[in-house]
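Q: Before I ask anything, here is the structure I am working with.
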Amino acid sequence: MRESNFAFPAQNRACVCITSQLYDRRALDTTSPLPLFNSLTQLVYLTSTSPRIREIMTMDGGLERLVRILHDFCICPPPPENPAMLFSLAFQCLVNIGVRGSEPIR
């Protein structure tokens with residue numbers, strides 16, 4: 064049985080992923096490492112270029128989910144599938160939001 068995540072037939076994927084044209088908060092909730100890696104990679108680009116995405120992430124809980132990813136990395140032993148890369152991408156997203164975000168976001 065697959066892990067719990069959402070199907071996304073529009074992109075012909077087994078779960079929701081963030082792309083350069085689409086931000087969906089559900090993509091950060093997946094427990095599978097590969098879709099999470101893909102979503103975080105695209106999210107780094109989106110947070111560095113789009114003020115609207117940075118604003119949306121502060122309202123929909125995306126910012127808290129990034130902090131939870133960092134917290135889980137520090138508290139729990141990391142899984143064997145590239146844990147430092149997930150940590151690095153989540154941290155880079157947070158830095159983009161903090162540095163490039165508007166004053167109310169900061």
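Residues 64 to 169 (this note's numbering) make up the sequence shown, in order. Backbone N, C-alpha and C fix where the C-beta goes; we use that ideal spot for every residue, glycine too. Owing to the predicted nature of the structure, the values given are computational and were not obtained by experimental measurement.
Short of 8 Å in beta carbon distance, which residues of its chain neighbour residue 58, apart from the five on each side in sequence? Order them along the chain.
A: Nothing can be reported for residue 58, as the shown portion of the chain is limited to 64 through 169.
Q: Apart from the five residues on each side of it in sequence, which residues of its chain come closer than 7 Å, Cβ to Cβ, to residue 82?
A: 105
Q: Kindly give me the distance between the Cβ atoms of residue 125 and residue 91, rounded to whole angstroms, as I take these residues to be in contact under 8 Å.
A: 6 Å
Q: Can you tell which of 115, 101, 89 has its C-alpha closest to the C-alpha of residue 148?
A: 101
Q: Am I right that residue 173 and residue 123 are in contact with their C-beta atoms under 8 Å? What's the rounded C-beta distance?
A: Shown here, the chain extends from 64 to 169; a query on residue 173 therefore has no answer.
Q: Quick one: Cα of residue 84 to Cα of residue 96, how far?
A: 21 Å
Q: Only counting the same chain, and skipping five residues up and downstream in sequence, which positions put a Cβ closer than 7 Å to that of residue 164?
A: By the criterion of a C-beta distance shorter than 7 Å, residue 164 is surrounded in its chain by 117, once the five residues flanking it on both sides are discounted.
Q: Express the C-alpha separation of residue 121 and residue 135 in angstroms, rounding to a whole number.
A: 20 Å
Q: Taking the continuous alpha helix (DSSP H) assigned at residue 147, which residues delimit it?
A: 146-163
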